[in-house]
Amino acid sequence: MKAIYHYDALGRRIRKVVTTWPTGTPQQEQTDFVWHSLKLLQERHTNTGKTQTYCYESHESYTPLACIVAKGTVHNYFWYHTDINSAPLEVTDEDGKIAWSGKYDAFGAVNSTTMAYFTDTERSTRNFDQNLRYAGQYFDKETGLHFNTYRYYAPEIGRFISPDPIGLNGGLNIYVYAPNPLSWIDPLGLAKQKKKPEEYPAKTKNAFNEALENIKNGGGVPRLDDYGAPKIYQGREWPKWKGAVEYEVPGLNHKHRILKLDGIDSKGNPYSKYGYSLDHYEKIHSDWERMGRKSC
């Protein structure tokens with residue numbers, strides 16, 4: 001295999017040509033990339049004539065919202081469901097069926113992808129190539145690396161493969177990505193930045209805040225078990241939340257949850273603690289400031 005990458009004067013990768021010899025005869029696959037400023041806008045596959053155009057949540061955001069896949073006169077629309085660090089967790093088609101889903105390890109390597117629609121009738125039958133990873137990253141299957149605009153990132157080790165362009169002025173660890181890849185991003189491969197609370201979509205924040213207020217006022221929409229009783233979180237993923245009552249967040253997808261855990265403090269006073277999850281308990285958060293609240 002041989003891969004040749006082309007860049008423009010701004011350092012953006014505008015083309016890659018991958019040559020393989022599966023039967024002794026060279027076969028080339030060319031992909032051209034179109035940019036909007038320093039954000040990937042479109043990829044064009046010369047061999048198949050297919051294009052993928054990316055839409056983001058806002059002009060400043062690196063969180064993908066949708067993708068338009070076009071080939072000839074046929075256009076298909078896909079929707080992203082992302083983690084708080086902009087990494088896609090699922091992609092659904094126009095019918096709401098899952099076309100792609102991935103499970104990430106601690107530093108962004110997708111160690112399992114689910115596209116087996118032939119074993120799941122609820123999955124989409126439409127083919128979707130999903131190469132977006134952390135904010136600003138694009139997965140190259142020929143190397144296993146993530147193109148990160150100005151550097152390449154190796155997810156297996158959680159490091160860039162080239163040093164920081166400004167050397168030690170960027171810190172002693174010149175290959176580091178970020179202190180916590182869940183809450184920090186580095187879309188250009190130049191400087192880490194904290195994922196800001198306001199980068200949550202307004203729809204998400206409004207839905208969570210409205211649901212929380214209803215719960216605190218004695219309402220809310222509790223999740224129900226098989227017997228119709230309020231569902232209690234068992235604490236398998238996060239034991240400290242064991243015994244909390246699970247609530248839905250109306251208006252958002254089925255993976256969003258609010259937990260209410262009642263207890264007694266050291267002085268014998270009752271209290272309630274609230275947590276939230278955007279990914280079906282892969283992570284439970286209690287920092288409601290991210291939802292635009294001073295406290296909960």
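Be aware that the sequence shown starts at 1, since it is given in full-length UniProt numbering, and climbs by one per residue. Just so it is clear, CB atoms sit at the ideal spot from N, CA and C, and this is done for glycine as well. Owing to the predicted nature of the structure, the values given are computational and were not obtained by experimental measurement.
Between which two residues does the beta strand (DSSP E) harbouring Ala66 extend?
-> 64 to 71
Any chance you could list the beta strand (DSSP E) runs of at least 3 consecutive residues sitting entirely within the stretch 34 to 97, in chain order?
-> 39 to 45, 50 to 56, 64 to 71, 74 to 82, 88 to 92
Helix, strand or coil at Asn111 according to DSSP, with G and I counted as helix = strand
Burial state of Ser277, where buried means 16 or more other Cβ atoms lie within 10 Å | buried
Report, in whole angstroms, the separation of the C-beta atoms of Thr63 and Ser86, which I expect to be a contact under 8 Å.
-> 4 Å
If you draw a straight line from the alpha carbon of Lys39 to that of Gly136, how long is it in whole angstroms?
-> 7 Å
Give the straight-line distance between the Cα atoms of Ile161 and Tyr134, rounded to the nearest whole angstrom.
-> 16 Å
Could you have a look at Glu248 and say whether DSSP puts it in helix, strand or coil?
-> strand
Give the C-beta separation of Pro88 and Gly102 to the nearest angstrom, bearing in mind that I take them to be a contact with Cβ-Cβ under 8 Å.
-> 7 Å
Gln30 vs Arg15 beta-carbon contact at 8 Å = yes
Ile161 (DSSP reduced to helix, strand or coil) = coil
Three-state secondary structure (DSSP) of Pro270 = strand
Should Glu246 go down as buried or exposed, given a rule of 16 or more other Cβ atoms within 10 Å for buried?
-> buried
Look at the alpha carbon of Asp262 and the alpha carbon of Lys240, and state the distance between them as a whole number of angstroms.
-> 12 Å
Can you tell me whether DSSP reads Gly102 as helix, strand or coil?
-> strand
Cut-off 8 Å between Cβ atoms - residues of its own chain near Pro222, not counting five sequence neighbours on either side | Pro230, Lys231, Val245, Glu246, Tyr247, Glu248
With Lys283 and Leu182 assumed to form a contact (beta carbons below 8 Å), what rounded beta-carbon distance in angstroms separates them?
-> 7 Å
Secondary structure of Asn167, DSSP reduced to three states = The sequence given here places Gly at residue 167; Asn does not occur at that position. Gly167 falls in the helix class under three-state DSSP.
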